[in-house]
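As structure tokens, the structure follows; a few thoughts come after it.
Protein chains: 2
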Amino acid sequence: MAELKQLTKRSENYSQWYNDLVVKADLAEQSAVRGCMVIKPYGYAIWEKIQRQLDDMFKATGHQNAYFPLLIPKSFLSREAEHVEGFAKECAVVTHYRLKTNEDRSGVVVDPAAKLEEELIIRPTSETIIWNTYKNWIHSYRDLPILVNQWANVMRWEMRTRPFLRTSEFLWQEGHTAHATRQEAEEEAQRMLHVYGEFAEKYMAVPVIKGVKSATERFAGALDTYTIEAMMQDGKALQSGTSHFLGQNFAKAFDVQFTDKEGKNDYVWATSWGVSTRLMGALIMVHSDDNGLVLPPKLAPIQVVIVPIYKNDEQLSAIDARVEPIVNKLREMGISVKYDNADNKRPGFKFADYELRGVPVRLVLGARDLENGTMEVMRRDTLEKETVSIEGIEEHVQKLLDDIQENIFKKALTQRNGWCKTVDTWEEFKVEIEKGGFILAHWDGTAETEERIKDETKATIRCLPFDDENYPACVMEKEPGVDMLTGKPSARRVLFARAY
Amino acid sequence: MAELKQLTKRSENYSQWYNDLVVKADLAEQSAVRGCMVIKPYGYAIWEKIQRQLDDMFKATGHQNAYFPLLIPKSFLSREAEHVEGFAKECAVVTHYRLKTNEDRSGVVVDPAAKLEEELIIRPTSETIIWNTYKNWIHSYRDLPILVNQWANVMRWEMRTRPFLRTSEFLWQEGHTAHATRQEAEEEAQRMLHVYGEFAEKYMAVPVIKGVKSATERFAGALDTYTIEAMMQDGKALQSGTSHFLGQNFAKAFDVQFTDKEGKNDYVWATSWGVSTRLMGALIMVHSDDNGLVLPPKLAPIQVVIVPIYKNDEQLSAIDARVEPIVNKLREMGISVKYDNADNKRPGFKFADYELRGVPVRLVLGARDLENGTMEVMRRDTLEKETVSIEGIEEHVQKLLDDIQENIFKKALTQRNGWCKTVDTWEEFKVEIEKGGFILAHWDGTAETEERIKDETKATIRCLPFDDENYPACVMEKEPGVDMLTGKPSARRVLFARAY
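Just so you know, the protein sequences line up as chains A and B, in that order. No gaps in the numbering here: position 453 of the first sequence is 1686 in the numbering used here, and each next residue is one more. No gaps in the numbering here: position 113 of the second sequence is 1346 in the numbering used here, and each next residue is one more.
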């Protein structure tokens, strides 16, 4: 239990609790390279589950994977004017391609003779290199649409980093699609946002608000950026995935034209969309508690752990024998189960450790249970225990996993909706934003007002939400009103929050 | 058919045939970045199948995935003396972390103020950063073994590149394991070599010779390097995967010690092992022919293509209706099938295109077939056609896929064994090596002789093969003899070849 005691309580210091949890649950750690993390096997196993599910969803919507170079010629970045403003600043620059041994043979130095003619940038995102490639792939309407996704590492040099939430190197997927018409591209951008939303809610059990970004918050080079926004337990929002309608900006920058059915030439319409290891941050922060991680069963690397309690080898053998068919049956049902009969740790330590790691269901079998034909079942989300007959335990576990998946979503939804407020005056806004959460308020639509609000309260416009009947607290009255700050006309309410 | 005609014949120019095929079969293409390729969706789909299968095999042998940083501090490379000699020379060096807009706003330049204190290297391989991390993970024998794998991109600055075979950036997996004993680490290194061998033969249908490298050909920093060597159709060998027993070299370089059961401290024992997108090169070169790719069914993204032949919409509708249940049943059986009833390409074009892409089985259904209740079945490996009853076609296809998988392995094995020769004299060696293939010959065990042979014939020692009863032509007489060049004593024959 020693380990557990060291986890900071959320109420004491939420930020410290998060940092502690990432390390103690063996998810990730700082590396020797500033701002870059090591994703540890347990953390990576969760990421693999996220990847596999998203990849299936991308393929089900007609996308294929491909791979484009890590390095981008520096000049590519300046082709699209807005893009370079948004991305060119903080990135890793490769200037040389060789090291050589020091003269005193004490180490290696950069070989000045091996200087690149043009510097290369480690991709912060791949629109430029991909659209430079698409130029050769696209000639006619018959070559469209191109529906391609890439799983990759990217790098944005960050000054202040936090594991998963903001790291210099991170893992992500980036979809890059090309279309013959504006409408098709806009539909694609929105389709993929809804894929993200569905993934967040059905698999991560994280409720999200979908909407469109204000111009200020758009991706550099996009005509529209769609977003899913989640609410953390501390009242701060986390942008969890974005999908961009890029118009013809990149096609124009890289001269990608196609001949349509009538033989006319036009620039190609584009989208891009991505989610990253940042999703891990949302997953951790939305569900977990002071005992550690709480994982949704659909993404838990270990869904069920079985711990034996015994006084001697004879008892352990009897328990082992009884557990074996249960393990086999659970595996046949597609449930990932671990039987931890390791002899070098006490049951109490194991209990605390698996709670810390967020294993959704714990089964305990002792000598007394064996006599009674029962097991103790503990569910991680509520920490409730019950004694259940061994007979039919597998079906019980299956139902319980479904129940946990549903329950943690509902709990998160209730919490999230509790964070949603509607505010009409600037005074009220300043008070409420201090308490955290989402605030629906009127805004006059100008970047100037948006900037003033941000400067004075650190709140940003998270999005102009779409209608979403599942979340009545957030359904906009789309009625016009007046900006809370300037009193100018406002077409609709928008969603504010302080954000990660 | 126009496309097909442009594929160079193997007999004319094998190297050009390979380059043509990679591009025309839509596997990969050169990118705007020197030496880096774009892996196109069809090529990447094959790589994904390779990845998925290998990943399953790694997990079945107890390994977990993790992720370590892309960038490595320059000083790490010089920690292990031999490692730096072998790897430090040609790598991409990050020196700056920011760009800024040109004074004339015409583009971006490197911001000289954003110079890194210590340069960072894009990983050419990750032993150094990983062993620096393992230092914190390993304290006691209870922390061992660590069985970790990473799927990643790596970069080695290459002057002469060829798609898949040698590119500056490539995709690979690198296993990095840590053990309490020398024996356990040696066993692990050999176990993983056998996993590679099994994968190559059972899934890629590529026969490989397993063995241990000579000291000269070892991985920089290893005590032993094990290898699988494949033979291409032009008589050149391709090293297709390696597994390294690293001894305590990296543990010593990064001071990774552990306390054993008796409370004594010792350095940890290590292995590393990797295969890369180079496997794609082997896959292409071993099986394919002048018509295009020949893919093993187990790795083919599309295993079966169905092409309708029709004169009017009515006929097409009738064929569509008959094909639908066949497609459904094949999918239920886990077979990936594409029904190509696109109207904008003629059947002849489709036939040539799917041959070029190596789809193992082609089914053709015309109006006449519909009347007769038959289909035309073509197998890509032999190009043989037969007419088969539609009734039971799915089981026929299933059997045919198995048969093709087996047949192309056997064919490759016969070819490979045909390339294996035993040679006793230097004169004979010089003649035979010009013809290509593997040559078993006596060698005195010195690096000097190895170097002379390489200088004079471009042949290298591929490995000292293990016993392998499946390949009698390569089974060593382990009897001693005399070096063909120097006449000095030789303990055993070793395997020479010119290699990619």
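All C-beta atoms, glycine included, are put in the ideal place defined by N, C-alpha and C. It should be emphasised that the depicted structure is a prediction, and the values quoted were computed from it without experimental measurement.
Outcome for residue i when other beta-carbon atoms lying within 10 angstroms are tallied against a minimum of 16
{"i": "residue 1472 of chain A", "result": "buried"}
{"i": "residue 1601 of chain B", "result": "exposed"}
{"i": "residue 1616 of chain B", "result": "exposed"}
{"i": "residue 1731 of chain B", "result": "buried"}
{"i": "residue 1520 of chain A", "result": "buried"}
{"i": "residue 1684 of chain A", "result": "exposed"}
{"i": "residue 1416 of chain A", "result": "exposed"}
{"i": "residue 1365 of chain B", "result": "buried"}
{"i": "residue 1664 of chain A", "result": "exposed"}
{"i": "residue 1482 of chain B", "result": "buried"}
{"i": "residue 1446 of chain B", "result": "buried"}
{"i": "residue 1695 of chain B", "result": "buried"}
{"i": "residue 1386 of chain B", "result": "buried"}
{"i": "residue 1588 of chain A", "result": "buried"}
{"i": "residue 1675 of chain A", "result": "buried"}
{"i": "residue 1647 of chain A", "result": "exposed"}
{"i": "residue 1642 of chain B", "result": "buried"}
{"i": "residue 1352 of chain A", "result": "buried"}
{"i": "residue 1722 of chain A", "result": "exposed"}
{"i": "residue 1566 of chain A", "result": "exposed"}
{"i": "residue 1235 of chain A", "result": "Because the pLDDT of residue 1235 of chain A is 41, which lies under 50, any placement of that residue in the model is unreliable, and the question is left without a value."}
Cβ pair residue i, residue j closer than 8 Å
{"i": "residue 1475 of chain A", "j": "residue 1506 of chain A", "result": "yes"}
{"i": "residue 1299 of chain B", "j": "residue 1277 of chain A", "result": "yes"}
{"i": "residue 1511 of chain A", "j": "residue 1403 of chain A", "result": "yes"}
{"i": "residue 1358 of chain A", "j": "residue 1421 of chain A", "result": "no"}
{"i": "residue 1612 of chain B", "j": "residue 1593 of chain B", "result": "yes"}
{"i": "residue 1568 of chain B", "j": "residue 1631 of chain B", "result": "yes"}
{"i": "residue 1410 of chain B", "j": "residue 1440 of chain B", "result": "no"}
{"i": "residue 1260 of chain A", "j": "residue 1275 of chain A", "result": "yes"}
{"i": "residue 1323 of chain A", "j": "residue 1454 of chain A", "result": "no"}
{"i": "residue 1508 of chain B", "j": "residue 1500 of chain B", "result": "no"}
{"i": "residue 1525 of chain A", "j": "residue 1581 of chain A", "result": "no"}
{"i": "residue 1363 of chain B", "j": "residue 1304 of chain B", "result": "no"}
{"i": "residue 1308 of chain B", "j": "residue 1480 of chain A", "result": "no"}
{"i": "residue 1686 of chain B", "j": "residue 1718 of chain B", "result": "yes"}
{"i": "residue 1532 of chain B", "j": "residue 1282 of chain B", "result": "yes"}
{"i": "residue 1240 of chain A", "j": "residue 1576 of chain A", "result": "no"}
{"i": "residue 1202 of chain B", "j": "residue 1603 of chain B", "result": "Absent from the structure is residue 1202 of chain B, since the part of chain B shown begins at 1234 and ends at 1733."}
{"i": "residue 1514 of chain B", "j": "residue 1662 of chain B", "result": "no"}
{"i": "residue 1652 of chain A", "j": "residue 1671 of chain A", "result": "yes"}
{"i": "residue 1250 of chain B", "j": "residue 1242 of chain B", "result": "yes"}
{"i": "residue 1449 of chain B", "j": "residue 1477 of chain B", "result": "no"}
Interface partners of residue i on chain A, CB under 9 Å
{"i": "residue 1308 of chain B", "result": "1340, 1341"}
{"i": "residue 1577 of chain B", "result": "1375"}
{"i": "residue 1317 of chain B", "result": "1332, 1334, 1340, 1341"}
Interface residues of chain B facing residue i [CB-CB closer than 9 Å]
{"i": "residue 1441 of chain A", "result": "Residues of chain B passing the Cβ test: none, with the nearest at roughly 25 Å."}
Partner residues on chain A for residue i, Cβ-Cβ distance less than 8 Å
{"i": "residue 1428 of chain B", "result": "Within chain A, no residue comes near residue 1428 of chain B; the closest Cβ sits about 19 Å away, beyond 8 Å."}
{"i": "residue 1298 of chain B", "result": "1274, 1277, 1278, 1281"}
Beta-carbon neighbours of residue i, restricted to chain B and to distances below 7 Å
{"i": "residue 1561 of chain A", "result": "Result: empty, since nearest Cβ-Cβ is about 16 Å, beyond 7 Å."}
{"i": "residue 1311 of chain A", "result": "1340, 1341"}
Neighbour list for residue i in chain A, Cβ cutoff strictly below 7 Å
{"i": "residue 1352 of chain B", "result": "1343"}
Residues that residue i contacts on chain B, provided the C-beta gap is smaller than 8 Å
{"i": "residue 1402 of chain A", "result": "1302, 1303, 1304"}
Along the stretch 1319-1331 of chain B, where does the CB come closer than 8 Å to a CB of chain A? Name the residues.
1321, 1322, 1323, 1324, 1325, 1326, 1327, 1328, 1329, 1330, 1331
So if I threshold CB-CB distances at 8 Å, which residues from the stretch 1381-1393 of chain A count as touching chain B?
The residues in question are 1381, 1385, 1386, 1388, 1390.
Beta carbons nearer than 7 Å to chain A: which residues of the stretch 1251-1277 of chain B have them?
1264, 1265, 1266, 1269, 1271, 1272, 1273, 1274, 1277
Quick check for students: name the residue ranges of the alpha helix (DSSP H) that lie wholly in the stretch 1297-1328 of chain A, counting only runs of 4 or more.
1307-1310, 1314-1320
Give, in chain order, every unbroken run of the alpha helix (DSSP H) that is at least 4 residues long and sits entirely within the stretch 1444-1493 of chain A.
As far as the stretch 1444-1493 of chain A is concerned, its whole alpha helix (DSSP H) runs of at least 4 residues are 1482-1486.
My parser needs the beta strand (DSSP E) runs of 3 or more residues fully inside the stretch 1601-1630 of chain A; what are they?
1607-1612, 1618-1622
Tell me which residues of the stretch 1361-1373 of chain A have at least one Cβ-Cβ distance to chain B shorter than 8 Å, keeping chain order.
1362, 1365, 1366, 1369
Those runs of the beta strand (DSSP E) which lie wholly inside the stretch 1531-1564 of chain A and span at least 3 residues
1537-1542
Pick out the complete alpha helix (DSSP H) segments inside the stretch 1244-1286 of chain A, 4 residues or longer, and give them in chain order.
The stretch 1244-1286 of chain A contains these whole alpha helix (DSSP H) runs: 1247-1257.
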